[in-house]
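Here is the structure we will look at.
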Amino acid sequence: MVGGMFRRWSVLLVTMLAAFHPAVASAQGRGWRWFQSCSTPTTMVLEARLDSASAFRTTFPACFLDKASWNTKVLRFHFTPGRAVEWPNASVWRDGDERRFAATTSAGRTLVAQIYEQGTNTSGSILGIAIGTKDSVTPLDTVLWRGAHNASATDQVLTELVPGLVLVTYPLGWQPKPLVRVDTTWCAPPRPNEPLLLDAQFLPARGKNRTGTDSDFVNLASLSAFGVRRVPRDSIAIIRDEAVCRRIARQHGNNKPMLIVRVGSFYLADDQGSRDGPSPLWEVAVYDRNWRLLISYGEGQ
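So the number in this note's numbering is just where the residue sits in the sequence shown, counting from 1, plus 1.
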């Protein structure tokens, strides 16, 4: 009986999906299509992950075509979460209307997902997703989650369906792009008459050909206001730890080698933007001993 109920649920769900996409058999424009024939198809990996563990994994061919009919193929897989899952946008059809509600499936409840071709664009296939239950408890016209995933033929894409449940697609053999390096080290060496070292000594770091008062260039009072105090010069140190410099370079947002100076229990971090000329562009970030960002100061930001 359960098997018969599930088959009827599957047929009904596919019928519902077709109702949402009446042009199932019509031609679709230029873009990436799944399960089509071409001379050099791209093998795409499709994976569902629940709490970072793989619940389902398969591959499908994708072709870039100028025009093709919709492919009516539906991928279906079952998975059984070991915990309760909340579905805030479940829906059910009643008297020709779709009614939304919040639902929760219990641990050990087998779920079924159906994935189909919803659309296309020049970067990848657009996949439609619908999730329901594989039992005779939930009404057959109930869908726990329905939405779309925009796959990319050249990159990894993740779509979180509900917290902990993620759909992932990527081309077979895909590897994360390496972080672009602009130097042989993440820890930048100090420049002649290094401005950041002058900042650390609470001295004015005046750029070349600049006019005006010292306070126009470096707001040393801001450092004092956040508890950074003058320290003996032998308490000022340049950080040489590559892991620290890399982390701060990524956090700073410019992905450039960083000069980091310790001033007592505080740190000043600078990507060595120019302080010279009429249009300087630089910024220094100030961190406490736990690497929490306190303030930043600079010009041209």
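Each residue gets a CB set at the ideal place from its N, CA and C atoms; glycine is no exception.
These numbers come from a predicted model, not from an experiment.
Assigned exposure category for residue i - 16 Cβ within 10 Å defines buried
| i | result |
| --- | --- |
| Ala103 | exposed |
| Lys135 | buried |
| Thr106 | buried |
| Pro190 | exposed |
| Cys39 | exposed |
| Arg276 | buried |
| Asp272 | buried |
| Leu269 | buried |
| Ala244 | exposed |
| Ala49 | buried |
| Gly133 | buried |
Proximity test, Cβ basis, 9 Å: residue i and chain B
| i | result |
| --- | --- |
| Ile240 | Going by chain labels, chain B is absent from the structure shown, which holds only one protein chain. |
Cα-Cα separation, residue i to residue j
| i | j | result |
| --- | --- | --- |
| Val75 | Gln115 | 6 Å |
| Arg100 | Tyr117 | 23 Å |
| Phe227 | Ala286 | 12 Å |
| Val232 | Gln202 | 7 Å |
| Asp67 | Trp94 | 37 Å |
| Asn256 | Asn90 | 39 Å |
| Ser225 | Val264 | 12 Å |
| His150 | Gly120 | 10 Å |
| Ile249 | Val86 | 37 Å |
| Gly299 | Trp283 | 5 Å |
| Val229 | Asp242 | 22 Å |
| Ser236 | Ser266 | 9 Å |
| Thr44 | Gly165 | 26 Å |
| Pro281 | Ala69 | 54 Å |
| Thr123 | Tyr171 | 15 Å |
| Tyr55 | Phe80 | First, the residue type needs correcting, since residue 55 is Ser and not Tyr in the sequence shown. So the alpha carbons of these two residues sit roughly 10 Å apart. |
| Phe57 | Leu128 | 16 Å |
| Pro177 | Arg234 | 43 Å |
| Gly109 | Ile239 | 55 Å |
Cβ shell of residue i (< 7 Å), same chain only, five flanking positions each side left out
| i | result |
| --- | --- |
| Leu159 | Val167 and Val169 |
| Ser126 | Trp33, Arg34, Trp35, Ala63, Glu118 and Ala152 |
Where residue i falls: helix, strand or coil (DSSP)
| i | result |
| --- | --- |
| Leu173 | coil |
| Leu145 | coil |
| Arg9 | Bear in mind that the predicted position of Arg9 carries a pLDDT of just 36, short of 50, making it too unreliable to give a figure here. |
| Val245 | helix |
| Ala85 | coil |
| Asp271 | strand |
| Gln119 | strand |
| Leu282 | coil |
| Leu197 | helix |
| Ser225 | helix |
| Asp96 | coil |
Under 9 Å between C-beta atoms of residue i and residue j
| i | j | result |
| --- | --- | --- |
| Pro82 | Leu47 | no |
| Leu260 | Leu197 | yes |
| Trp187 | Pro279 | no |
Contacting residues, own chain, Cβ-Cβ under 6 Å from residue i (five flanking each side not counted)
| i | result |
| --- | --- |
| Arg147 | Ala131 |
| Thr59 | Leu47 |
| Asn291 | none |
| Leu173 | Thr44 and Val46 |
Residue i Cβ short of 8 Å to the ligand SAM heavy atom set
| i | result |
| --- | --- |
| Ser266 | Within the structure as shown, the ligand SAM is missing, as the structure has no ligands at all. |
Same chain, Cβ closer than 8 Å to residue i, neighbours up to 5 away in sequence not counted
| i | result |
| --- | --- |
| Gln157 | Val169, Thr170, Tyr171, Trp175 and Pro177 |
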